[in-house]
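Remarks on the structure that follows.
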Ligand SMILES: [Zn+2]
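Here you go:
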């Protein structure tokens, strides 16, 4: 099994084209789709993280929760926080990592499982 490090917490298993947690090996789904689909997602009120400072309700160095949410992504198996992002409420999740898997396989000398089966013993 060939694992390629993509981020601090995410690997790709090249042969099977799967996202993997590099702490516990949890499978996050197909590598040709967003890894976030396989993550545990938590939406947080930004005031829990950026505490309002001062007496003003409007100008307080925090975010208005009507306009901004903090979305955290965790591994569903080991609970490591993989990433977080700031999004307006209702905004779809971003697809932040799209890789050319065919090129990555060629670079690392990985033959797709399908092709190996086709050219294997008969
Ligand atoms: Zn994990």
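Numbering (this note's numbering), first residue to last: 1202 to 1323.
Don't be surprised by glycine CBs; every beta carbon is placed ideally from N, CA and C.
This structure is a prediction, so every number in the text was calculated from the model and none was measured.
Delimiting residues of the alpha helix (DSSP H) encompassing residue i
i: residue 1303; result: 1302-1309
Residues sharing a beta bridge with residue i, DSSP
i: residue 1230; result: 1220
i: residue 1264; result: The partner list for residue 1264 (beta bridge, DSSP) is empty, contrary to what the question assumes.
i: residue 1204; result: 1214
Exposure of residue i, with buried meaning 16 or more beta-carbon neighbours within 10 Å
i: residue 1219; result: buried
Min CB distance residue i to chain D below 8 angstroms
i: residue 1212; result: Of the chains in the structure shown, none is chain D; there is only one protein chain.
Ligand 1 heavy atom lying under 7 angstroms from the CB of residue i
i: residue 1227; result: yes
i: residue 1278; result: yes
i: residue 1281; result: yes
Residue range of the unbroken beta strand (DSSP E) whose run includes residue i
i: residue 1287; result: 1282-1288
i: residue 1246; result: No beta strand (DSSP E) holds residue 1246; DSSP gives it neither H nor E.
i: residue 1212; result: 1211-1214
i: residue 1259; result: That residue, residue 1259, is in no beta strand (DSSP E); it is neither H nor E in DSSP.
CB-CB length for residue i against residue j, believed under 8 angstroms
i: residue 1275; j: residue 1241; result: 4 angstroms
i: residue 1262; j: residue 1254; result: 5 angstroms
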